[in-house]
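The structure appears below as structure tokens.
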Amino acid sequence: VLIPGAPEAVRRLNALGYLVVIVTNQSGVARGMFSEEQMHRFNDLLVRRLAAKGARIGAVYACPFHADAEDERYRHPDHPDRKPNPGMILRAAADHGIDLSRSYLIGDRQSDLE
2 VLIPGAPEAV
12 RRLNALGYLV
22 VIVTNQSGVA
32 RGMFSEEQMH
42 RFNDLLVRRL
52 AAKGARIGAV
62 YACPFHADAE
72 DERYRHPDHP
82 DRKPNPGMIL
92 RAAADHGIDL
102 SRSYLIGDRQ
112 SDLE
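This note's numbering puts the last residue of the sequence shown at 115; the count rises by one with no breaks.
Here it is, written out as structure tokens:
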């Protein structure tokens, strides 16, 4: 279920010329709640549902790592991609030519932004 207003917000950013990129911590993979494949399928579905409402997502970057991971493959004490670390943001900027000084980061948790 999309958060009310999300498609409209993304459409507005698209109309203003912004490339909208999702950077998301997904510790559920590390905690064994769902697989990495399920995470990718979910993110693909999210992009498709937004697109069906005219809202374009340029890319999705997801970090499945967590310090307390049950699955050792995803255990890392402070992965550079795990927000608030900037790994996914820096990779998105490099991949898409994003000028970070003219960009915004919007989050649902203050801890992701600090």
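Think of the CB as a built atom: it goes at the ideal place given N, C-alpha and C, for glycine as much as any other residue.
Note that the coordinates shown come from a computational prediction; the quantities given were computed from them, not determined experimentally.
{"Check": "Residues near residue 37 in its chain [Cβ-Cβ closer than 8 Å; skip 5 each side]", "Outcome": "30, 65"}
{"Check": "8 Å contact criterion, which residue 68 and residue 76 should meet: CB distance rounded", "Outcome": "7 Å"}
{"Check": "Candidates 4, 6, 22: closest to residue 97 by CA position", "Outcome": "22"}
{"Check": "Which of helix, strand or coil DSSP assigns to residue 23", "Outcome": "strand"}
{"Check": "Simplified DSSP state of residue 2, which is helix, strand or coil", "Outcome": "coil"}
{"Check": "Residues sharing a beta bridge with residue 67, DSSP", "Outcome": "76"}
{"Check": "Contact the stretch 54 to 64 vs the stretch 86 to 93: 3+ CB pairs below 8 Å", "Outcome": "yes"}
{"Check": "Euclidean distance between Cα positions of residue 13 and residue 6", "Outcome": "11 Å"}
{"Check": "Reference residue 80; option with closest CA among 16, 28, 11", "Outcome": "28"}
{"Check": "Outcome for residue 3 when other beta-carbon atoms lying within 10 angstroms are tallied against a minimum of 16", "Outcome": "exposed"}
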